[in-house]
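Chemist: Following the working numbering, the numbering of the sequence shown begins with 6 at its first residue and continues without gaps. Yeah, the Cβ is synthetic: ideal placement off N, Cα and C, and Gly gets one too.
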Amino acid sequence: MNTSINFAGIKMKNPVTVASGTFGYGREYSNFFDLSKLGAIITKGTSIKPRSGNKPPRVCETPSGMLNSIGLQNPGVEYFAENDLPFLKKFDTAIIVNACGSTIEDYIEVCKILDTLDIDGVELNLSCPNVKAGCMAFGSSYEGVKDITSKVRKVLNKPLIVKLTPNVSNIGEIAKGAKDRRS
Ligand SMILES: Cc1cc2nc3c(=O)[nH]c(=O)nc-3n(C[C@H](O)[C@H](O)[C@H](O)COP(=O)(O)O)c2cc1C
Numbered sequence: 006m007n008t009s010i011n012f013a014g015i016k017m018k019n020p021v022t023v024a025s026g027t028f029g030y031g032r033e034y035s036n037f038f039d040l041s042k043l044g045a046i047i048t049k050g051t052s053i054k055p056r057s058g059n060k061p062p063r064v065c066e067t068p069s070g071m072l073n074s075i076g077l078q079n080p081g082v083e084y085f086a087e088n089d090l091p092f093l094k095k096f097d098t099a100i101i102v103n104a105c106g107s108t109i110e111d112y113i114e115v116c117k118i119l120d121t122l123d124i125d126g127v128e129l130n131l132s133c134p135n136v137k138a139g140c141m142a143f144g145s146s147y148e149g150v151k152d153i154t155s156k157v158r159k160v161l162n163k164p165l166i167v168k169l170t171p172n173v174s175n176i177g178e179i180a181k182g183a184k185d186r187r188s
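(1) Tell me whether Leu93 is buried or exposed, calling it buried when 16 or more other Cβ atoms sit within 10 Å of its Cβ.
(2) What do you get for Ile124, buried or exposed, if any count of 16 or more other CB atoms within 10 angstroms of its CB means buried?
(3) Can you grab the Cα-Cα spacing for the pair Met71 / Cys65, in whole Å?
(4) In terms of residue numbering, what span does the beta strand (DSSP E) encompassing Glu128 cover?
(5) With a threshold of 6 Å (Cβ to nearest heavy atom), would Thr27 be considered close to ligand 1?
(6) On a Cα-Cα basis, can you pick out the residue from Ser188, Lys49, Ala183, Gly126 that is closest to Val150?
(7) Would you kindly work out how many angstroms separate the C-alpha atoms of Ile166 and Lys159, rounded to a whole number?
(8) Thinking just about the alpha-carbon of each residue, which of Ser145, Glu114, Phe12 is nearest to the one in Gly44?
(9) Which residue wins for smallest C-alpha separation from Thr108, given the options Glu83, Val136, Leu119?
In structure tokens:
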């Protein structure tokens, strides 16, 4: 049976992937599961410089699930390119990198590097706090989403997924910001 799809310009042999950040860069899971079975692997948030993340506790169980506040711990895009990407390329799956940052410039710089790598696409994590805008998430407003999507698009030629944040009141209006990006 042909289960292949074309998602936002990314060819996937099936529509099954993983939520960014819940699967690391796949190494730990590869001991238990054949990563080639996935249509795509979406990596954890990757930034221009390494980040050590928040102090523990980072995860808290609640009656209806769990809350997490990892703080975007990651080794940085250069380490990813030299170590994690060669590992992931051994598997027959699309590779989508979740990009994060604290300023728009961070996103632009990380996307410039991601554009040069042998990956299938980029997912912008817009739940990150914008330190130059009172730490409101980049994805909190129509204008904010439009601005960052427009600027990233200028440096990134690969397929782009704009991952909105759930902590907003009018998600429909905000989603239009990604669509209405300035060309
Ligand atoms: C431990 C953990 C780490 C996460 N890290 C990231 C991340 O690096 N980038 C990102 O965009 N989302 C991250 N997320 C959010 C997930 O990708 C997903 O959007 C979120 O868990 C909502 O999906 P769910 O309702 O199925 O849990 C993380 C979630 C968890 C639980």
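Modeler: Taking the geometry as given:
(1) Flag for Leu93 reads buried.
(2) Classification of Ile124: buried, given that the 10 Å Cβ count is 16 or more.
(3) Straight-line Cα distance between these residues: approximately 6 Å.
(4) Membership of Glu128 in the beta strand (DSSP E) is indicated by the continuous run 126-130.
(5) In this structure, ligand 1 has a non-hydrogen atom nearer than 6 Å to the beta-carbon of Thr27.
(6) Minimum Cα distance to Val150 is reached at Ala183.
(7) Using only the alpha carbons, I get a separation of about 15 Å.
(8) Checking every option, the nearest Cα to that of Gly44 belongs to Phe12.
(9) Closest by alpha carbon: Val136.
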